[in-house]
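As structure tokens, the structure follows; a few thoughts come after it.
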Amino acid sequence: MFNAEQLGLLCELDVIDRIFDHIDNGTTDLGETQWHEPVSSYYEQARFERELALLRQRPVVFCPSSALPDAGSYVARNAAGTPLLVARGQDGKVRAFINACRHRGMQVAAGQGCSRAFSCPYHGWTYNLDGTLKGVPGKAAFPDLDMAADGLVEVSAVEKGGLVYVMQQGEITDAMLDCAPDFFSRDQILFHQSATEDNANWKLLTETLLEGYHIKSLHRDSFYPFGLDNINVVETFGENSRIVYPFKRIEKLRAIKREQRRIAGSATLVYHLFPNVSVAVLSKHTSVTIIEPISPTQTRMESYCVKHPDTVNESITIEDAMRDVAFVNQSGQEEDREAARAIQETVTTQANSHLTFGYFEKAIVTFHQNLHRQLATSDRE
Ligand code: FES
Ligand SMILES: [Fe+2]
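No gaps in the numbering here: position 194 of the sequence shown is 242 in our numbering, and each next residue is one more.
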């Protein structure tokens with residue numbers, strides 16, 4: 049489990065012990081406080097704008113490094129309401145720019161791909177992969193133009209542990225990524241990508257990922273036949289959390305000598321990278337999901353699936369990994385998204401003044417506590 053212990057997280061043997069304890073005692077990890085989140089947090093424009101401001105002020109995962117495999121690879125999409133263009137240069141370095149032409153603001157790239165330069169579709173100004181302005185058709189018509197100063201506007205981008213982090217205001221420092229796990233090695237392959245859009249606030253979708261109290265009830269025919277209900281190991285590291293969701297087949301590990309037990313294949317490990325990213329380590333692959341707020345009531349989720357490396361004992365094919373993806377996406381995740389959309393319709397009614405999170409929903413309480421603290425700090429700045 050990469051640098052889990054350096055982050056203060058349990059090693060896999062201890063996680064397995066704790067799950068067995070919970071199974072034997074009919075218990076699960078518990079939080080110490082309840083949380084009441086006002087329903088207005090899920091629809092108010094003012095709150096939404098404070099959240100977007102916060103997302104622009106801190107490093108947020110933009111995509112896995114494997115989405116930018118080569119020099120010239122790029123991904124363009126909106127992040128916290130800003131069109132961004134993130135590209136790997138000829139020097140191998142990943143850079144992020146505001147995706148706005150310096151002529152009249154057109155977006156110079158769309159979607160993703162691989163290119164030697166970016167040519168603005170409007171009038172053809174071109175930019176190098178490092179953002180510098182390369183060419184202007186009919187340059188004589190712009191006597192004031194300073195080619196050296198009119199490159200794409202760059203924002204801070206850093207690669208760590210196989211993820212690309214972007215921060216739109218200020219520079220990312222090493223200290224900011226102290227709690228960033230090293231998820232991927234350099235050679236891991238991105239084999240599948242998908243995106244969904246839902247009429248639900250981004251926090252409702254995030255909350256679905258952070259507790260196992262709903263496995264039996266919401267996922268009766270999808271996850272529950274394989275997964276244990278409300279038996280979880282929940283830990284925090286920095287502002288982030290890790291939630292371990294054991295499968296029923298973890299019982300088989302009891303027959304194996306403790307030192308030889310491996311959790312892979314017996315549990316899903318969900319890392320919530322505060323505030324809006326989840327990294328789920330499944331049996332054959334790891335999925336990185338960016339929960340991108342579009343409006344107070346609309347969210348786009350970008351999912352990237354990266355294959356686990358082959359091990360001495362196991363070689364994992366893309367087909368194996370795709371079976372993992374189909375299992376998660378087509379069953380459980382649909383149910384979670386449907387729940388989030390359904391809740392969105394009730395938060396504007398008189399039914400609840402707030403949503404309630406109890407001891408089983410510890411990682412969600414942590415999420416809201418951190419969000420409240422960070423919003424208060426960012427309001428003061
Ligand atoms: S807006 Fe880009 S070339 Fe005119
Ligand atoms: Fe769920």
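All C-beta atoms, glycine included, are put in the ideal place defined by N, C-alpha and C. Keep in mind that this is a model prediction, so the values were computed, not measured.
Extent of the continuous beta strand (DSSP E) run through residue i
i, result
"LEU238", "238–246"
"ALA369", "From DSSP, ALA369 is part of no beta strand (DSSP E) but of the alpha helix (DSSP H) over 366–375."
"GLU85", "83–86"
"LEU253", "No beta strand (DSSP E) holds LEU253; the alpha helix (DSSP H) holding it covers 250–256."
"LEU58", "Run containing LEU58: none; DSSP gives neither H nor E here."
"TYR90", "Element bounds for TYR90: n/a, residue is neither H nor E."
"PHE110", "108–112"
"SER121", "121–127"
"VAL214", "211–215"
Collapsed DSSP secondary structure at residue i in the structure displayed
i, result
"LEU423", "helix"
"VAL134", "strand"
"GLU409", "helix"
"ASN51", "coil"
"GLN417", "helix"
"GLY380", "helix"
"ASN288", "strand"
"ILE342", "strand"
"VAL63", "helix"
"PHE271", "coil"
"PHE295", "strand"
"ALA399", "coil"
"GLU386", "helix"
"THR394", "helix"
"ARG234", "coil"
Endpoints, the alpha helix (DSSP H) within which residue i is located
i, result
"LEU102", "93–104"
"LYS264", "263–266"
"MET224", "It is not in any alpha helix (DSSP H) - MET224 carries neither H nor E in the DSSP assignment."
Alpha carbon of residue i to alpha carbon of residue j, nearest angstrom
i, j, result
"ILE412", "PHE405", "7 angstroms"
"GLU287", "SER121", "31 angstroms"
"ILE298", "PRO117", "35 angstroms"
"ALA101", "ASP427", "9 angstroms"
"ASP277", "GLY161", "41 angstroms"
"ALA135", "GLU202", "11 angstroms"
"ALA228", "ARG125", "23 angstroms"
"TYR90", "ALA197", "41 angstroms"
"GLU245", "GLU99", "19 angstroms"
"ALA157", "GLU350", "18 angstroms"
"ASN176", "ASN51", "36 angstroms"
"ARG106", "THR174", "30 angstroms"
"VAL329", "ALA399", "37 angstroms"
"LEU181", "VAL123", "19 angstroms"
"THR414", "ASN280", "15 angstroms"
"ILE339", "ASP372", "20 angstroms"
"GLY186", "ASP139", "30 angstroms"
"LYS264", "GLY153", "50 angstroms"
"ALA148", "ALA127", "14 angstroms"
"TRP83", "THR337", "25 angstroms"
"ILE311", "ASP230", "18 angstroms"
"ALA424", "GLU97", "13 angstroms"
"VAL94", "ILE71", "According to the sequence provided, residue 94 is Ala. The question's Val does not apply to it. If I take the Cα positions, the gap works out to 44 angstroms."
Where residue i falls, given that 16 or more other Cβ within 10 Å makes a residue buried
i, result
"SER314", "buried"
"ILE304", "exposed"
"PHE190", "exposed"
"GLY159", "exposed"
"THR365", "exposed"
"GLN417", "exposed"
"CYS353", "buried"
"HIS267", "buried"
"LEU78", "exposed"
"GLN216", "buried"
"VAL360", "exposed"
"LYS141", "exposed"
"LYS355", "buried"
"TYR319", "buried"
"SER113", "buried"
"ASN324", "buried"
"ASP18", "Since the displayed the chain opens at 49 and closes at 429, residue 18 lies outside it and no answer follows."
"LYS332", "buried"
Which runs of the beta strand (DSSP E), 3 residues or longer, sit entirely within the region 299–340? You should have 315–321 and 325–329.
Entirely within the region 139–203 and at least 3 residues each: give me those beta strand (DSSP E) ranges in chain order. 142–146, 160–162, 165–167, 174–176 and 181–183
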